[in-house]
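So the sequences go chain by chain: A and B.
The numbering of the first sequence is the working numbering, which starts it at 124 and goes up by one.
The numbering of the second sequence is the working numbering, which starts it at 88 and goes up by one.
Single-structure report; data block below.
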Amino acid sequence: MLGLNKKDMNLLLLVAGLVIFAPFILNPFPEGSELAQFNAGYPDLMQRFVIFGIFAIGFNILFGLTGYLSFGHAAFLGVGSYAGVWMMKLLTMNVVPAIMISVVVAGLFSLLIGYISLRRSGIYFSILTLAFAQMSFALAYSVLTPLTGGETGLQLSLNDPRVLGISATETGSIPVTHFFGLEMRDSFELALGSWLFTFNAGYYLCAAVMLIAFYLSIRIFRSPFGMMLRAVKSNQQRMKYTGLNPKPYTLAAFVISGMYAGLAGGLMVSMDPLAGAERMFWTASGEVVLMAILGGAGTLIGPVLGAGLIKYMENILSKINSTILHEWFAFMPDGIEDVMVTLVYPFIGKGWHLTLGIMFMLVVIFLPGGLVEGGQRIARLFRRRGAKTDDSGAEQSQNTPAE
Amino acid sequence: MDAIILQILNGLDKGSAYALIALGLTLIFGTLGVVNFAHGALFMIGAFVAVTVSRLLTLSHQVIDETRTDFLGNPLKVDVPYIYGWFGESTGAAIIDWAVPISILIAIPVMILIGVIMERGLIKHFYKRPHADQILVTFGLAIVLQEIIKYFYGANPIPTPAPQAFVGSFDFGALIGFDANSIIYPYWRLVYFGFSMVIITAVFAFLQFTTFGMVVRAGMADRETVGLLGINIDKRFTIMFGIAAAVAGLAGVMYTPINSPNYHMGMDFLVLSFVVVVVGGMGSLPGAVAAGFLLGILESFASMGAVIDLIPGINQVIIYLVAIVILLTRPRGLMGRKGVMEE
Numbered sequence: 124m125l126g127l128n129k130k131d132m133n134l135l136l137l138v139a140g141l142v143i144f145a146p147f148i149l150n151p152f153p154e155g156s157e158l159a160q161f162n163a164g165y166p167d168l169m170q171r172f173v174i175f176g177i178f179a180i181g182f183n184i185l186f187g188l189t190g191y192l193s194f195g196h197a198a199f200l201g202v203g204s205y206a207g208v209w210m211m212k213l214l215t216m217n218v219v220p221a222i223m224i225s226v227v228v229a230g231l232f233s234l235l236i237g238y239i240s241l242r243r244s245g246i247y248f249s250i251l252t253l254a255f256a257q258m259s260f261a262l263a264y265s266v267l268t269p270l271t272g273g274e275t276g277l278q279l280s281l282n283d284p285r286v287l288g289i290s291a292t293e294t295g296s297i298p299v300t301h302f303f304g305l306e307m308r309d310s311f312e313l314a315l316g317s318w319l320f321t322f323n324a325g326y327y328l329c330a331a332v333m334l335i336a337f338y339l340s341i342r343i344f345r346s347p348f349g350m351m352l353r354a355v356k357s358n359q360q361r362m363k364y365t366g367l368n369p370k371p372y373t374l375a376a377f378v379i380s381g382m383y384a385g386l387a388g389g390l391m392v393s394m395d396p397l398a399g400a401e402r403m404f405w406t407a408s409g410e411v412v413l414m415a416i417l418g419g420a421g422t423l424i425g426p427v428l429g430a431g432l433i434k435y436m437e438n439i440l441s442k443i444n445s446t447i448l449h450e451w452f453a454f455m456p457d458g459i460e461d462v463m464v465t466l467v468y469p470f471i472g473k474g475w476h477l478t479l480g481i482m483f484m485l486v487v488i489f490l491p492g493g494l495v496e497g498g499q500r501i502a503r504l505f506r507r508r509g510a511k512t513d514d515s516g517a518e519q520s521q522n523t524p525a526e
Numbered sequence: 088m089d090a091i092i093l094q095i096l097n098g099l100d101k102g103s104a105y106a107l108i109a110l111g112l113t114l115i116f117g118t119l120g121v122v123n124f125a126h127g128a129l130f131m132i133g134a135f136v137a138v139t140v141s142r143l144l145t146l147s148h149q150v151i152d153e154t155r156t157d158f159l160g161n162p163l164k165v166d167v168p169y170i171y172g173w174f175g176e177s178t179g180a181a182i183i184d185w186a187v188p189i190s191i192l193i194a195i196p197v198m199i200l201i202g203v204i205m206e207r208g209l210i211k212h213f214y215k216r217p218h219a220d221q222i223l224v225t226f227g228l229a230i231v232l233q234e235i236i237k238y239f240y241g242a243n244p245i246p247t248p249a250p251q252a253f254v255g256s257f258d259f260g261a262l263i264g265f266d267a268n269s270i271i272y273p274y275w276r277l278v279y280f281g282f283s284m285v286i287i288t289a290v291f292a293f294l295q296f297t298t299f300g301m302v303v304r305a306g307m308a309d310r311e312t313v314g315l316l317g318i319n320i321d322k323r324f325t326i327m328f329g330i331a332a333a334v335a336g337l338a339g340v341m342y343t344p345i346n347s348p349n350y351h352m353g354m355d356f357l358v359l360s361f362v363v364v365v366v367g368g369m370g371s372l373p374g375a376v377a378a379g380f381l382l383g384i385l386e387s388f389a390s391m392g393a394v395i396d397l398i399p400g401i402n403q404v405i406i407y408l409v410a411i412v413i414l415l416t417r418p419r420g421l422m423g424r425k426g427v428m429e430e
């Protein structure tokens with residue numbers, strides 16, 4: 124169905140199910156309970172999950188398939204955001220044109236940067252992309268202030284000359300973003316017992332876009348084009364000897380992943396019409412690298428998992444403070460409680476970056492295939508234990524990459 | 088003319104920092120073939136060695152000063168550093184004043200130790216893995232080191248002053264025959280420049296004139312053959328990693344009076360140092376040093392008012408612009424050798 128084999132279709136359906144029922148899945152703890160702080164089912168965070176998922180999927184098309192490590196991908200996301208906000212300022216508050224222009228502008232920008240950067244490979248390519256991204260950041264922050272809003276960022280104002288639409292609502296506030304009339308901040312709340320589930324229009328728009336993006340990435344992975352990109356990664360020399368020019372393929376991959384980043388940027392401003400230069404800073408590029416590697420570069424679902432994990436840690440783990448920790452360990456004798464809190468405290472709350480860094484290092488050292496490979500290893504362990512006579516063990520070990 | 092000399096001088100201190108970090112990066116790359124993204128973190132750790140030393144030196148105990156009273160008429164309690172008791176008040180005060188230079192002595196063994204632990208504990212396992220993996224694991228390590236420092240020292244910059252003798256500026260213009268007050272230059276920046284020149288010379292002399300350095304250079308040229316001659320090249324390369332860490336650390340120690348150290352200063356410098364290494368030519372030590380000073384000075388020229396008026400924003404992007412132009416026109420950098428990092 125849809126040009127996918129059964130395995131990929133199941134994966135797509137699984138992701139679709141997870142995304143559609145995310146408001147339930149991410150809110151497993153009843154309102155008001157002690158564990159409610161682990162609930163991630165609020166619209167803002169769910170939107171971020173899927174948007175950064177798109178960003179990471181796009182990055183993975185470049186890094187996972189061709190092996191070119193770009194350290195400047197956030198620039199495309201930033202450029203996409205700016206383009207989106209401008210569209211809202213000048214044309215309409217409908218998010219569709221904004222998202223479209225974001226993708227187009229980011230695509231053009233990545234074509235330019237990719238054309239230059241891809242003349243080199245390896246570390247040089249990383250440095251070139253990093254240099255371009257840092258340059259864009261510095262320019263957006265200083266000289267291009269009329270275009271980007273500089274330090275304060277680009278935001279909507281009450282006297283934007285919106286061609287299709289009104290500059291200000293009757294109550295004198297800035298109109299909100301909408302999808303053909305459906306306001307992005309509209310939410311439907313469902314109370315079941317002591318659970319409260321929020322279904323947000325913006326989230327479902329992002330989720331739908333993300334599913335399309337995910338579907339496209341599966342198709343790219345399975346296409347002859349995807350095979351060419353893998354060939355670029357494994358041996359460019361051999362590829363050239365067989366009479367194929369790797370350059371157009373890598374450039375296409377670069378532009379596609381740049382457009383994914385632009386799409387993420389466009390969705391980001393559709394949810395919250397504000398674009399700032401810090402989105403283009405190189406640490407933001409580093410973050411998407413972390414996401415892809417942590418989840419599993421070169422796998423289909425890995426980057427999405429990585430994006431979800433990092434955003435969850437950033438928003439939930441970072442909120443835990445020492446008071447909450449004391450509550451958790453309250454069942455222990457006093458002395459041990461204090462010791463436990465001191466031991467755990469550096470890794471959570473403000474120190475969540477430390478946990479992230481350690482996790483990342485462990486993954487790079489022991490699990491080059493990321494969390495997905497970890498999951499596969501565990502699954503294989505169970506399968507082997509379950510059916511030792513089964514011959515599929517040998518077959519399994521052959522198709523470890525991709526999934 | 089005086090404006091040009093001033094800009095060159097202004098570029099020297101940043102250029103020195105770039106040159107020192109890039110030198111260490113190149114040493115590691117040239118010997119071990121590893122792209123070390125954690126090198127900025129080593130620079131930062133060096134700066135925090137200085138912070139730690141100055142804190143240890145000012146460790147105090149409370150003493151009741153009978154001669155003075157507080158507003159209630161009770162004898163005043165004053166914090167007296169232990170060191171006053173050991174060396175007398177004036178010597179003690181001088182030692183505290185000279186905390187940053189003293190840190191150099193402590194930073195050398197500490198940084199060599201950290202470097203050796205890093206190489207033996209982590210990087211050793213990454214020689215056979217792709218460059219991308221090396222970049223990633225050292226990037227992760229940089230985050231971890233940075234967060235550890237943040238946990239112990241907080242997120243705010245910690246001012247660490249230079250010795251009193253070097254605080255303030257002097258009139259450099261008058262010295263070389265320009266009008267008085269045309270070129271004012273802070274003492275410490277000159278010290279920093281001189282210090283970095285000493286370190287750079289020392290590293291080059293070490294590599295050029297000692298047997299150890301000779302073996303290391305031979306290993307850089309052809310590791311396998313040196314190994315076949317029965318020399319334990321791995322051990323020497325490990326020590327070189329330690330030395331590269333020490334160079335970065337010393338650059339950090341001496342940089343503290345110029346910029347108060349904070350936990351992310353390493354990352355800020357790292358990005359630029361990589362650009363410097365690439366511009367200088369991957370694996371070329373003189374290239375790294377030359378490019379460091381070149382880019383430092385260019386950056387300071389680009390921030391001149393006249394230049395900014397001509398091309399707005401040039402001060403923000405000059406380094407990256409130069410890097411892009413150089414990488415595209417001279418792919419091996421200014422002094423890169425053939426066959427280094429070329430697939």
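The C-beta atom is built at its ideal place from N, Cα and C for all residues, glycine as well.
Please read all numbers here as calculations on a predicted model, not as lab measurements.
Item, Value
"Any chain A beta carbon closer than 8 Å to B:Q403", "yes"
"Which of helix, strand or coil DSSP assigns to B:K211", "helix"
"Exposure label - B:N123; buried when at least 16 CB within 10 Å", "buried"
"Alpha-carbon spacing of A:L149 relative to A:Y326, whole angstroms", "13 Å"
"Backbone CA spacing between B:G175 and B:A194 [nearest angstrom]", "25 Å"
"Closest by C-alpha distance to A:A256, when choosing among B:V334, B:G336, B:G317 and B:A410", "B:A410"
"CA-to-CA distance, A:L490 to A:Q499, given in whole angstroms", "11 Å"
"The alpha helix (DSSP H) enclosing B:H218, as first and last residue numbers", "H218 to Y240"
"Which listed residue (B:I326, B:F356, B:N319 and B:Y279) has its alpha carbon closest to that of B:I345", "B:Y279"
"Where A:I174 falls, given that 16 or more other Cβ within 10 Å makes a residue buried", "buried"
"Start and end residues, beta strand (DSSP E) containing B:K164", "P162 to P168"
"Whole-Å CB distance - A:A400 paired with A:T252, under 8 Å assumed", "The Cβ separation is near 17 Å, so there is no contact."
"Candidates B:I405, B:Q94 and B:P162: closest to B:V150 by CA position", "B:P162"
"Which residues DSSP lists as bridging B:V150, in chain order", "B:V165"
"Assumed close pair B:S190, B:V254 - CB separation to whole angstroms, cut-off 8 Å", "Not confirmed; about 17 Å, so no contact."
"Exposure of A:I379, with buried meaning 16 or more beta-carbon neighbours within 10 Å", "buried"
"Extent of the continuous alpha helix (DSSP H) to which A:F322 belongs", "That residue, A:F322, is in no alpha helix (DSSP H); its beta strand (DSSP E) goes W318 to N323."
"Delimiting residues of the alpha helix (DSSP H) encompassing A:S259", "G245 to Y264"
"Within 8 Å of chain B by C-beta, residues of the segment 222–256 of chain A in sequence order", "I239, R242, R243, S244, G245, I246, Y247, S249, I250, L251, L253, A254 and F255"
"Range of the contiguous beta strand (DSSP E) that encloses B:D266", "No beta strand (DSSP E) contains B:D266, which DSSP labels as neither H nor E."
"Alpha-carbon to alpha-carbon, A:M382 and A:F337", "13 Å"
"Where B:E433 falls, given that 16 or more other Cβ within 10 Å makes a residue buried", "Residue 433 of chain B falls outside the range modelled here, since chain B spans only 88 to 430, and no answer is possible."
"Chain A contact residues for B:H218, given Cβ-Cβ distances below 8 Å", "G245 and I246"
"Environment of B:S103 [buried if 16+ CB atoms lie within 10 Å]", "buried"
"Rounded Cβ spacing between A:L214 and B:V404 (contact assumed at less than 8 Å)", "The pair is not a contact, with the Cβ atoms about 31 Å apart (cut-off 8 Å)."
"Reduced DSSP secondary structure (H/G/I, E/B, other) of A:A197", "helix"
"Reference A:M258, options A:P220, A:A375 and A:F199, closest by Cα", "A:F199"
"For B:R155, the three-state DSSP class (helix, strand or coil)", "strand"
"Cβ-Cβ distance between A:L371 and A:M362 below 8 Å", "Note that residue 371 of chain A is Pro in the sequence shown, not Leu. Going by C-beta atoms, A:P371 is not nearer than 8 Å to A:M362."
"Whole-angstrom distance between B:F226 and B:K237, CA atom to CA atom", "16 Å"
"Contact set between the segment 390–405 of chain A and chain B, restricted to residues whose Cβ is under 8 Å from the partner", "W405"
"Interface flag, A:P469 vs chain B, CB-CB below 8 Å", "yes"
"Buried or exposed (CB count within 10 angstroms, at least 16 for buried), A:N522", "Because the pLDDT of A:N522 is 44, which lies under 50, any placement of that residue in the model is unreliable, and the question is left without a value."
"The alpha helix (DSSP H) enclosing A:P166, as first and last residue numbers", "P166 to T189"
"Min CB distance A:V487 to chain B below 8 Å", "yes"
"As assigned by DSSP and simplified to three states, the class of B:I271", "strand"
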